[in-house]
Amino acid sequence: MFATASTQPANVSEEVALSCRSLVKHYGEVVAVDGIHLEVRMGECFGLLGPNGAGKTTTVEIFEGLTIPDGGRVEVLGQGWGEGNDRALRERLAVQLQETQFADRLTVVETIAMFRSLYKRGWEPDEVIRLVELEEKRDARVGKLSGGQKQRLAIACALAAAPDVLFLDEPTTGLDPQAKLQLWDLIETFRSRGGTILLTTHYMEEASRLCDRVAIMDHGKVIALDTPNALVESLGADEIVEFSLEGFVADDRLSRLPGVRGVRSRDGNYLLTVSSVAEALPALLAEVEIHQARLVGLTTHTATLEDVFVTLTGRKLRDA
Amino acid sequence: MPDVIGAKPRPSLEQSPPPTDAVKTGPLTGAAPGPEASGAGGAPSLPGTSRYRSVNPLLELTLARIREFVREPEAVFWVFVFPVLLAVALGIAFRETGPATVQVAVEADGRQGPGSSSGRLMEWLEGRSDIEAVLLSPEEAARALRTGRVALVLQPSPSAAAATGNPETGETGSPPRPLTDLDSEGLVYRYDPTRPDSRVARLVLDDALQRGMGREDVARVRDVAVAQPGARYIDFLIPGLVGLNLMGSGMWGLGFAVVQARTRKLLKLLAATPMRRTHFLLSFMLSRLIFLALEVVAVVSFGWLAFGVSVHGSILELGVISLVGSMSFAGLGLLVAARTRTIEGVSGLMNLVMLPMWLLSGTFFAATRFPEFWQPVIQVLPLTALNDALRANINEGLPLAASLPDVLVMAAWGGASFLLALRWFRWQ
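Okay, here's the thing in C-alpha cells:
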C-alpha cells in the first residue's frame, strides 16, 4: 500500500465532469436536496457520504438524468439534461442503481450482452465478465447468483458501456466483507484507468478507501466537503474517546481537560475528540470520580469519517 | 487499528495523460484485477472494435424477451397447453352424437302392462328414432325434469286407460299400433319453456303423438340433411379459441413482463442507458411474433387433427390476420402496463379489459346474440374483429379483402394503444 502524497491524485484533471449549483428537489413537503453545490473533476472518485434519507440517491439520480430537479443548474460532461443531446450524453455514462434486480431467467453473459448492445461503443461481454471475475458464472442464470455476484453483475453491465463517468449508488450495501473487498478492487481499477466515479455510501470505510474527495450530506445539505484526510484532520484530533456515564458531568468541564479538543454528548453518551489519549484519559477518569459518576463503557479509536459526521451532526451515520 | 485513511492502495499514474479518446475507450482492458488477469504487463489493447458493436439493440432486447418467456414453464403452459386442453374439453362436451334425440319421461299411470295408456305411449314412442322415452313414476319423472336428465314429462290422460280394448294386443315385431284408440283429451306436457331443449322436445313429441293419433300432414315437404363444414360447434369454437389465446398471451405476456421489470427497477436502469424507447417497446411486440406463430399452429393443427376442423381460407392470410390481431393485443397489453406499478394492479386492469371481451366477443357463442343496441360497441372490440376475421378465413374460406374492416379495427387498436403507451410509459 502506498499513500498518495498530494490531496489530489495526479490523474485527476482540472476538467469538470459533473457539477451542480443550488440544486433543489422536493418530494411533496419533504426537501430531499436543499440547494447543494458540487463539482466532480474528470478522473476523480467522488463520494457522497451520509445516512439514509440524506438526499444522496436523489442527487445522483439528478446527475444521471433520471430525476428532474426543481431548481438549480446541473452539468454533466459540459452539458445539461433535456437540451436535445441526452442520448449522446448517455452513451458516455453508466449507472448502477441501488435496487435493480436483473431478470432471473437470463444468464450472466446474456444480461451483459443486452446492456452492451444498448451502447454504440463498449467492451466485449466476456472481457467484462473476466474483469468482475464471474467467469465461472458466465452461463449461470442470474437468479442463482449470490448477493455479491449480483452486485458485480450490475457493475459489469455498467462497465460494458465503457463509460467515462460511472455512477454507483451504495454498491456494497448488504454485502459480506469478502464481496465488499472484491467490489472495491473493481471500482479502484476503473478509477485507476482514468474513469470518473460518483459514489454514494453510508460506510465511512468505503468513502475513505475509494474516494478522492467526500461530500458529507445530511438533510439534503452538504455539511462538509474535502478529501477524507482533510476531513478527519479538521477534527484537530487523532483519536476519539467514547464513553457512557451513570451520573452527570457538564460538557464544558470535559472540554477543559488536557488534550481534549471537542466534546459531544447525548443522553449520557459522550464523544471526546482528543489529541492524545495518554494525556486525556487519566484526567477524564479523575473528573468522573469528582462528580461521583460511574463509567459504564469506554472505547478509544483512531478518528474516522464517522467521527467527522458525529461531530458535525451529533448523530451516528448508521442510526441517523 | 490500521490507519486506512490516506493509504489508498491505488497505483499512482503520475505520468498519465489527460483522458484522451484512447483512455476513454479502454481504461480497463489489459489490466483486469485478480490473479487471472490476462495479458499482464502487456500494452493495454484497445477494444475499439467489439463484435458486439454491430449487434442491434432491438435484436438483443427481443432475444432477451424470448429467452425469458421460454424459460418460464408456467407461461408456456398457459399459452400452448391450456388452449388445447380447453378445445379438448369443449370439443368433447359438444361433440356430434348422430342425429339429435330428445329425452322425455312418460309418467307411469299405475296400471302396468301393454294395455295401459302409458304402456301404449311408450310403445309408440320407442318406434321413433328422434325420441328417447323412459317410463318413470310421477316423483321420479319430476326429479328427472328438475335435474335436466329429461327435457319434458308426458303425463297420460287419467281417464284413458285403453278405453276401447284392441283385440290385436302384443304382437311383437309388428310396427307399433297407432294411438287412434287412446283418449285424445287430457294429455299433459310438463316442461320449462325457457329451456331450448324442452321446447324442441315439446315440438318433436307433439308431432309424434299427433301423428299417432291420426293427424294427416297437409303440406308435402322434403328434408335435405346438410353437413356443411363450419356448421358444427367445434368449427365455430376453434377460431374463437385462437382469438382468445392471442388476446390472453398478448396481454399477459406483455403486461406482466413490463410491470415486473418496473417493480424490479430494471426499467429505471434501462432509462439511464442510451436505449431508444421505441426499441424497448417494439422488442416486446416483436417477441410476440415468434410465439404468435407457435400458438396459432398449436390450436389450429389440434383442431384439425382431433376434430377435423380444416382451414378453408389461405394460410398466408390466416397468418396476416393473426399477426394484426396479436399486435393489437400486444399494444393493449403495453398500454395497460404503461403506468402500473404493481403486479396486483396490472392483474386487475388486465381482467377489466379482457373479461368483457371474453363474454361479448363471440368466442363461445355468436356475438350477435347480444341485444341490438350493444352491437355497435361489441363490433369494434378487437377480439370481436379478430374472431370474425378468423372465422371468415378458417370456416368460410373468404379472402382477406372480405375481412378488411375487421383488420382495420384491430390495426387501429394496436397502433393507437402503442402510441399512447409510448407517450404515457412510466420508467420508474
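Residue numbers (numbering that gives the first Met the number 0), protein chains in the order written: chain A, 0 to 319; chain B, 0 to 427.
A virtual CB, placed ideally from N, CA and C, is assigned to each residue, including glycine.
{"query": "Contact residues within the stretch 99–123 of chain A, judged by C-beta distance below 9 angstroms to chain B", "result": "Thr99, Gln100, Phe101, Ala102, Asp103, Arg104, Leu105, Thr106, Glu109, Thr110, Ala112, Met113, Phe114, Arg115, Ser116, Leu117, Tyr118, Lys119, Arg120, Gly121, Trp122 and Glu123"}
{"query": "His278/B, buried or exposed, once every other Cβ within 10 Å from all chains shown has been counted against 16", "result": "buried"}
{"query": "Of the listed residues Asp33/A, His218/A and Leu152/A, nearest to Pro68/A (C-alpha basis)", "result": "Asp33/A"}
{"query": "Residue-level contact to chain A via CB, Leu268/B, 9 angstroms cutoff", "result": "yes"}
{"query": "Cut-off 6 angstroms between Cβ atoms - residues of its own chain near Met356/B, not counting five sequence neighbours on either side", "result": "Leu380 and Leu382"}
{"query": "Chain B contact for Leu96/A (CB, 9 angstroms cutoff)", "result": "yes"}
{"query": "Within chain B, partners of Arg86/A - CB distance below 7 angstroms", "result": "Pro273"}
{"query": "Boundaries of the alpha helix (DSSP H) in which Gly318/B is found, first to last residue", "result": "Ile314 to Ala336"}
{"query": "Short-range partners of chain B found in the stretch 65–77 of chain A, where Cβ spacing is below 7 angstroms", "result": "Leu65"}
{"query": "Alpha-carbon to alpha-carbon, Asp205/B and Ser156/B", "result": "14 angstroms"}
{"query": "Rounded distance between the beta-carbons of Leu291/B and Ser321/B, thought under 8 angstroms", "result": "6 angstroms"}
{"query": "Segments of 3+ residues assigned as beta strand (DSSP E) that fall wholly inside the stretch 31–69 of chain A", "result": "44–48"}
{"query": "Within-9 angstroms CB hit, Trp426/B to chain A", "result": "yes"}
{"query": "Sub-9 angstroms separation of Val101/B and Glu131/B beta-carbons", "result": "yes"}
{"query": "Own chain partners of Arg137/A with C-beta closer than 8 angstroms, once the 5 adjacent residues on each side are dropped", "result": "Thr106, Val107, Val108, Asp125 and Ile128"}
{"query": "According to DSSP, residues forming a beta bridge with Val29/A", "result": "Tyr26/A"}
{"query": "Test item: CB-CB of Gly313/A and Arg260/A under 9 angstroms", "result": "no"}
{"query": "Residue from Glu43/A, Ala214/A, Lys55/A and Ser21/A whose Cα sits closest to the Cα of Ala31/A", "result": "Lys55/A"}
{"query": "Three-state secondary structure assigned by DSSP to Phe283/B", "result": "helix"}
{"query": "Cβ-Cβ distance between Leu389/B and Leu304/B below 9 angstroms", "result": "no"}
{"query": "3-residue-minimum beta strand (DSSP E) runs that sit fully inside the stretch 112–194 of chain A, ordered along the chain", "result": "164–168"}
{"query": "Val108/A: CB within 8 angstroms of a non-hydrogen atom of the ligand MG", "result": "You won't find the ligand MG in this model; it holds no ligand whatsoever."}
{"query": "Proximal residues to Val73/A (C-beta, below 7 angstroms), its chain only, five neighbours per side dropped", "result": "Cys19, Leu22, Ile61, Phe62, Gly79 and Trp80"}
{"query": "Whole-angstrom distance between Glu187/A and Leu218/A, CA atom to CA atom", "result": "Per the sequence shown, the amino acid found at residue 218/A is His instead of Leu. In a straight line, the C-alpha of His218/A is about 29 angstroms away from that of Glu187/A."}
{"query": "Strand pairing of Cys19/A, partner residues [DSSP]", "result": "Leu37/A and Val73/A"}
{"query": "Burial state of Ala249/A, where buried means 16 or more other Cβ atoms lie within 10 Å", "result": "exposed"}
{"query": "N- and C-terminal bounds of the alpha helix (DSSP H) containing Gly211/B", "result": "Pro195 to Gly211"}
{"query": "Under 8 angstroms (Cβ pairs) to chain B, residues found in the stretch 54–65 of chain A", "result": "Glu63, Gly64 and Leu65"}
{"query": "Ser56/B classed as buried or exposed, judged by whether at least 16 other C-beta atoms fall within 10 angstroms", "result": "Reading the sequence as shown, one finds Pro at residue 56/B and not Ser. The residue in question, Pro56/B, is buried, as its Cβ has 16 or more Cβ neighbours within 10 Å."}
{"query": "Check whether Ala160/A and Tyr202/A have beta carbons under 9 angstroms apart", "result": "no"}
{"query": "Residues that DSSP places opposite Met356/B in a beta bridge", "result": "Paired residues: none, contrary to the question."}
{"query": "Proximity below 9 angstroms, CB of Gly90/B to CB of Phe369/B", "result": "no"}
{"query": "Supposed contact pair Arg64/B and Ser286/B - C-beta distance, whole angstroms, cut 8 angstroms", "result": "4 angstroms"}
{"query": "Where Val87/B falls, given that 16 or more other Cβ within 10 Å makes a residue buried", "result": "exposed"}
{"query": "Neighbourhood of Thr163/B by C-beta distance below 8 angstroms, restricted to the same chain and skipping five residues each side", "result": "Because the pLDDT at Thr163/B is just 45, under 50, the model does not fix this residue reliably, and the point stays unresolved."}
{"query": "Beta carbon of Leu453/B nearer than 9 angstroms to that of Leu334/B", "result": "In the structure as shown, chain B starts at 0 and stops at 427, and residue 453/B therefore has no counterpart that could be examined."}
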